[in-house]
Every structure is written in C-alpha cells, then in structure tokens.
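Sequences listed follow chains A and B, in order.
If you're matching positions, the first sequence starts at 1 in the numbering used here and goes up one per residue.
If you're matching positions, the second sequence starts at 1 in the numbering used here and goes up one per residue.
Cβ coordinates follow ideal geometry from the N, Cα and C atoms, glycine included.
Contents: one structure, followed by commentary.
2 protein chains.
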Amino acid sequence: MSNVRVAAFSLSLDGFGAGPNQNIDNPLGIRGTELHQWFFPTKAFSSMHGGPEGESTSIDNGFAERSFENVGAWILGRNMFGPIRGPWNDDSWKGWWGDSPPYHVPVFVLTHHARATLTMDGGTTFYFVTDGIESALTKAREAAGGKDVRIGGGVSTIRQYLSAGHIDEMHLAFSPVLLGEGESLFHGINASELGFTVSSVVSGERATHVTLAR
Amino acid sequence: MSNVRVAAFSLSLDGFGAGPNQNIDNPLGIRGTELHQWFFPTKAFSSMHGGPEGESTSIDNGFAERSFENVGAWILGRNMFGPIRGPWNDDSWKGWWGDSPPYHVPVFVLTHHARATLTMDGGTTFYFVTDGIESALTKAREAAGGKDVRIGGGVSTIRQYLSAGHIDEMHLAFSPVLLGEGESLFHGINASELGFTVSSVVSGERATHVTLAR
C-alpha cells in the first residue's frame, strides 16, 4: 500500500523539530543538531553519509533503516534543500548532500521560485514545484509508483501536509533534549482530531520512538 | 536538601497536561484521565485511593512512589482543588478526595477568594492563599520544614512557578496518547533558557518518565 509518511523525524521533548535561526551555518537552527544525536551513530546514517560504519544492531538503527524502506519519492520544503531564500540566483546550490544525495529517488522541493530539474548521481532527481503542496503530492505519488511518499520536512512542510489531512503515518524520534524555542511540530494542530492515535512507543538507545497512525 | 519540584505530572505526547473544558464531570478536562492510565494500576495509587492493591514492582510504581517521598508541603491551583469558580459560596466543597485526602501534610491552595483553613483527617490541612504564588511558596517552604515542596498542578500553576524560576526539578510522565488540545505545559515557556536539562528518560510500563533538573 502506498502511504504518505513522516519517518525518523526528530523532536525535542518540548516539541520542537528544529531550533530557531536557521541559516547556512545552522541548517537545523541553533542547537538543532542535538535533535539528531540518535541518528548519527547508526549504520543507516553511515551508509548515507560515509564515515566509519555505524551501529547495525541498535533499536535506533532499526527505526532509521525502516524510515528509508519502500520510499518511492520524497517531498522537502525548500529550507530543507538549502539556505537560499528568495529567487535562485544561479544553479550552483545543489542541496546539502554533495553530488550523490542519499535519496536515490525523485525528490520534490516546494518553492515559490521556478528552477530547472536537477539530476544528481545515484538516482536522485530534484524537481522544484511552484504550484503548491497538493501538486507536489500528486507528482510525488505518480513518481513513487505505488511505493510510499515520505515527507522529509522541515517542520513547516510537515505541518502543511498534516493540516491538509494528507499524512497517514508518522514516526517521531523524541530526543532527550529541551530546545526551549524553535519550530513546534504540533502547536495549533489537533493531531487527535485529525484521527491520529499512538501505535507504539519504543525506547531506543538515544531516543524514544513514537509511531502515530490513523 | 529542600527542593521545589513537580513530580508524576502526566503529559500527552503532544504536550498537554490536561484536556479542554474542565468541569465537575471532567476534572482533568475532556480525555484528561487518559493521561493518568500509567498511574491508576500502581500500588502508589491504590495506597492513596483504596481499591485492590496495585502493582508494587513496576517501573511506573517506582516513579509514583518517589513522587510522594520527602514531600513536606504541596501547592495546588484552585482548579485542582475543585470545580468551583469565583467566590466560595459555602465551605461544603472539601476537595476531590473525601475526608482523608492523600496528602497528609499542609497543602496551600492558590485562590483569589479567601476561605478559612480546612483541617482534614490524616494530617492534611488546606490553607487558602490569596496573595499570590510567592507568598504561597514562602508559606509552603516554612511548613515543609526542610523537606520538598511539591507543586501538584494544574498546568497553569506549574507554568507560573516555572516562569518565575522557582522549580528545581520536574518528573514528567509522557503517556502514549495525543490530546490534540488542552493545556500545554511548555508552550511559550523556554525550559532550556530557564536552565533545565534532561537528567533521565526511562521507559515505564505505561508511560515514558522524563526527569528535568537544573
């Protein structure tokens, strides 16, 4: 079955999915990287980004690996693709991930500014979608060919798809940190009214993994 | 050492400490009792409220029991004491807990409306404090005689003491539910800036126990 899902999305215990003041030096906002301390030591991470091979048998790694399984297309907000705001000045920015991004499938980037499709090494193609979240989802579903569409983030993008009722399943990784400020995932969104209930809560090595479904 | 602490305080995974629309039928707000499903099966609960003896060896019970240890005085918001709003019409309301409330120490109830001190069975005395949270804390510290002051709740009371910088330690029990709406503990409060960090995260049988300290 093809689901629209959020997976391996990190939150602080006070509910923030990114810190404040995102910029090129702090792509996840100030202290935002603290949210992902559970992910960095996993084999899933090292497989994507190189470096010494990470933990392959941890609970955290299991969740990280499953987050990539059966994903046929991604949708990303523009700020997750890069730090540039406003019109694209040129095509030099090709994402945070180098020549061979860890997606390996079509990735639809939400933006208000048109840009030519970008074909990267390893099967990743970035499509820039300027006509809204519904259009991006339609395109992503088509591209996914029956597999899942993963809404990669950031917080604002997930909130838009949540509010529109498009997300079927969410795996959230609560990291043992308090950010105090930043981008709240749920504030002002009634996840219960949207039909979500808690499917499972699993204590990992460095995060508490919560799965929500409806 | 005498600490001001919050303990065994239940939250939903989306950060609510009570549901909306508190009233006499829903003292914890709509669906608020779902937050406390971890507590009801414990021996700590049955010791307080009677009924068949609860679990004595569970992780959840350990946290519940420790929440009562070394507590010399409590502070409660008025809505936690009862459903009556505005002036006390008479003295017939004596709390939700019957003749012998499970506190057994002085309890300071924050209210805007004066009322005579209420001496209950089993060592609980309710004092009604009309001159603010600082005054209540001073009185509670004195009454506690070197033991801890426990801020029992509800959410609004904890938020006031948090914002004023008076809370030293918090044990929060995250229940596996989404409330969607209600009273958010942290919204608009920067727990990190207040100096809190996460001391521990422990997976219990029916809740995830998070301890914050500063």
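- CA-to-CA, the gap between A/Asp168 and A/Arg66 works out to about 16 Å.
- Between the beta-carbon of B/Trp38 and that of B/Ser203 there is about 11 Å, and that puts the pair past the 8 Å contact cut.
- In this structure, the alpha-carbon of B/Gln160 lies about 29 Å from that of A/Ser156.
- Considered as a whole, the stretch 41-65 of chain B harbours 43-49 as its complete alpha helix (DSSP H) runs of no fewer than 4 residues, in chain order.
- Against chain A, the CB of B/Phe40 has no partner CB under 9 Å away; the residue lies outside that interface.
- Of all residues in the stretch 177-197 of chain A, the ones placed with a Cβ closer than 9 Å to any Cβ belonging to chain B are Val177, Leu178, Leu179, Gly180, Glu181, Ser184, Leu185, Phe186, His187, Ile189, Asn190, Ala191, Ser192, Glu193, Leu194, Phe196 and Thr197, in chain order.
- Per the DSSP secondary-structure output, B/His171 pairs in a beta bridge with B/Thr211.
- Listed along chain A is no residue with a C-beta nearer than 9 Å to that of B/Asp60; the closest approach is about 13 Å.
- Under the three-state reduction of DSSP, A/Thr111 is assigned to coil, being neither helix nor strand.
- Distance from the Cα of B/Phe81 is smallest, within the candidate group B/Ser10, B/Thr111 and B/Val105, for B/Thr111.
- For A/Tyr103, no beta strand (DSSP E) segment is defined, and its DSSP state is neither H nor E.
- Of all residues in the stretch 8-40 of chain B, only Ser12, Leu13, Asp14, Gly15 and Arg31 come within less than 9 Å of chain A when Cβ atoms are compared, listed by chain position.
- For the pair A/Ala144 and A/Ser2, the CB atoms are nearer than the 9 Å cut-off.
- By the C-beta criterion, the stretch 127-137 of chain B is judged not to be in contact with the stretch 182-200 of chain B, since fewer than 3 inter-stretch pairs fall below 8 Å.
- Taking a beta-carbon distance threshold of 9 Å, A/Val201 counts as an interface residue toward chain B.
- Listed along the chain, the chain B residues whose CB falls inside 7 Å of the CB of A/Leu162 amount to none; the nearest CB is some 12 Å away.
- According to the DSSP assignment, A/Ile151 belongs to the beta strand (DSSP E) that extends over Asp148 to Gly153.
- Under the three-state reduction of DSSP output, B/Ile133 falls in the helix class.
- Taking 8 Å as the upper bound for CB-CB distance, B/Val177 and B/Leu28 are not in contact here, some 12 Å apart.
- Burial of A/Thr208 is indicated by the presence of at least 16 other C-beta atoms within 10 angstroms of its C-beta.
- Close partners of A/Leu137 in chain B (Cβ separation under 9 Å) are lacking, with about 23 Å as the shortest Cβ gap.
- Taking a C-beta distance under 9 Å as the contact criterion, A/Gly62 and A/Lys147 do not qualify as a contact pair.
- Leaving aside the five residues that flank B/His113 on each side, the residues in its chain whose CB is nearer than 6 Å to its CB run, in chain order, Pro87 and Trp88.
- DSSP lists A/Val109 and A/Gly153 as the bridge partner or partners of A/Leu76.
- Inter-residue distance for A/Thr197 and A/Thr211 is about 9 Å (C-alpha atoms, whole angstroms).
- A residue is called buried once 16 or more other Cβ atoms fall within 10 Å of its Cβ, and A/Ser10 is buried on that count.
- At a cut-off of 9 Å between beta-carbon atoms, B/Val210 makes contact with chain A.
- Closest option to B/Arg150, judged by alpha-carbon separation, among B/Asn70, B/Pro20 and B/Thr33: B/Asn70.
- The Cβ-Cβ distance between A/Leu194 and B/Gly180 falls below 9 Å.
- A/Gly122 sits in a helix when the DSSP states are folded into three classes.
- The criterion of a C-beta distance shorter than 9 Å is not satisfied by A/Ala173 and A/Ala44.
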